[in-house]
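In the UniProt record's numbering, the protein residues as written are 1 to 421.
Where is the CB? At the ideal position from N, CA and C, for every residue including glycine.
See structure below.
What follows is the structure, given as structure tokens:
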């Protein structure tokens, strides 16, 4: 996050990992974005509440901006929210506060502040759900269709119950998790991967209890789970531009032949286009293929064209890949390589930006670049001690060229060296 025009200028001028920000974008930030967020950012709210000692530590580099504004994510929630509600947690918090020993525990004051913060979070979660309940009740009053009015009243009842109290049934358990999930990602500004953990195991007791009691049918449970997955995926998807059945037929046929079919381990096959470095090994054990690839040679990595097959340039590559429904594969990988001379001028960098934006507009998921010519790669192989800092993009990650084995180095070298867009 850039907080000032100076931040953009640093990105443009620093020696390592420069990002070229156009003057047009900088002007937009200076005129609209930065003034709008002035006084409203998470950063400013945090800094207005922390003591001066903390600010001094931040300025000294003890804390980084990465941890200043967000949680790192990669967190799986446990199952306590399915046995206790926020009111139960508030009761537990009060008990902890009463047990604090301010005379003998030097950390008691810090613990008190944290416990107060926990209490505020519980109140916020309850209030968040109450606002939903209020809205749904207003919607029910204006609803003329009887079945929908009944559903809205049920939704309001669930929102009044959770997360204040522990869930009693499957519906309430799912809603309990969803409120906690929204609260977590909103409050912590999570970097990524705030996941529900063993969601099926947490829900199973509620499902089995209701099935046994006859208060829930399998179809009703399926509808609840389906609604949950709709919410999980309820975010803007990449636009689909120019895709037709004829153009993507081969891909769809392959998907239909593979996806969901049983595998030898008792699970199911799913199409994946993120090969990481497996394509090198697969090529070593694969015989020659009808497209002209020799036996033992690397196969294509991810959605990238096989070496030498992208004969019409990068623009043709991204347009072709834009015809694929990449959502169905659960993610993709596209590697392209350019000679350094192609990006010497600012307008050439702008062209690269247009290429990237075009690919994502067409529905692409991932694209990465190596800006290095073959001569330098071969020289690095011959004299690795002179190229210790040569870093390349491999498969969604960066690695030092000379840390790779010979097969991976050769795969990088054989990628098409594009001299134009």
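Hey, residue i and residue j: beta-carbon distance below 8 Å or not?
i           : j           : result
residue 400 : residue 391 : yes
residue 166 : residue 79  : no
residue 449 : residue 291 : The structure shown does not extend to residue 449, since the chain is modelled only from 1 through 421, so no value can be given for it.
residue 352 : residue 362 : no
residue 153 : residue 173 : no
residue 274 : residue 314 : no
residue 422 : residue 195 : Within the shown structure, residues of the chain are numbered from 1 to 421, placing residue 422 beyond reach of any answer.
residue 366 : residue 336 : no
residue 402 : residue 388 : yes
residue 163 : residue 180 : yes
residue 423 : residue 359 : Examination of residue 423 is not possible in this model, given that the chain is present from 1 through 421 alone.
residue 183 : residue 124 : yes
residue 150 : residue 122 : no
Using a 10 Å radius around the Cβ and a threshold of 16 neighbouring Cβ atoms, would you call residue i buried or exposed?
i           : result
residue 293 : buried
residue 116 : exposed
residue 158 : buried
residue 74  : exposed
residue 212 : exposed
residue 120 : exposed
residue 332 : buried
residue 312 : exposed
residue 202 : buried
residue 206 : buried
residue 155 : buried
residue 131 : exposed
residue 288 : exposed
residue 36  : exposed
residue 382 : exposed
residue 129 : buried
Cβ of residue i versus every heavy atom of the ligand SAM: is any distance shorter than 7 Å?
i           : result
residue 319 : This structure simply doesn't include the ligand SAM, nor any ligand for that matter.
Kindly indicate which residue of the options has the alpha-carbon position closest to the one of residue i.
i           : options               : result
residue 346 : 58, 22 and 199        : 22
residue 24  : 123, 8 and 38         : 8
residue 39  : 233, 4 and 136        : 4
residue 82  : 15, 108, 61 and 175   : 175
residue 398 : 383, 406, 276 and 415 : 276
residue 348 : 421, 101 and 201      : 421
residue 161 : 177, 226, 146 and 148 : 177
residue 126 : 231, 308, 88 and 55   : 88
residue 199 : 232, 252 and 187      : 232
residue 42  : 52, 187, 55 and 128   : 187
residue 29  : 6, 49, 44 and 47      : 6
Quick one: what's got a C-beta closer than 7 Å to residue i's C-beta in the same chain, skipping five residues either side?
i           : result
residue 97  : 112 and 115
residue 338 : 369, 371 and 418
residue 100 : 108, 111 and 112
residue 296 : 283 and 284
residue 144 : none
residue 261 : 268 and 269
residue 263 : 269
residue 210 : 169, 170 and 216
residue 221 : 170 and 207
residue 407 : 280
residue 224 : 170, 171 and 174
residue 384 : 402
Beta-carbon of residue i versus every beta-carbon of chain D: anything under 8 Å?
i           : result
residue 117 : Included in the structure is just one protein chain, with no chain D present.
Apart from the five residues just before and just after residue i, which ones in its own chain have a Cβ nearer than 8 Å to its Cβ?
i           : result
residue 374 : 413 and 417
residue 328 : 255, 259 and 271
residue 12  : 18, 19, 20 and 21
residue 364 : 238, 318, 321, 322, 326, 332 and 334
residue 386 : 379 and 380
residue 240 : Here the model assigns residue 240 a pLDDT of 37, short of 50, so the residue's position is not dependable, and the following value carries that caveat. Taken in chain order, the residues that qualify are 325 and 363.
residue 247 : Note that residue 247 has pLDDT 49, beneath the 50 cutoff, so the model's placement of it is unreliable and the number below is only indicative. The answer, listed in chain order, is 323.
Quick one: residues in its chain with C-beta nearer than 6 Å to the C-beta of residue i, no 5 flanking neighbours on either side, listed in chain order?
i           : result
residue 185 : 194
residue 377 : 413
residue 245 : Note that residue 245 scores 45 on pLDDT, short of 50, meaning its location in the model is unreliable; the coordinates nonetheless yield the value given after this. If we look at residue 245 and ignore the five residues flanking it on each side, it has no Cβ neighbours.
residue 299 : 279, 282 and 283
residue 93  : 115, 118 and 119
residue 243 : Residue confidence for residue 243 is low, a pLDDT of 43 falling below 50, so the modelled location carries little weight and cannot support an answer.
The stretch 400-415 in contact with the stretch 280-290 per 3-pair CB rule at 8 Å: yes
Would the stretch 203-219 count as touching the stretch 169-187 if we require 3 or more Cβ pairs under 8 Å? Flag = yes, the stretch 203-219 and the stretch 169-187 touch.
The stretch 316-332 contacting the stretch 296-303, beta-carbon criterion three pairs below 8 Å: yes
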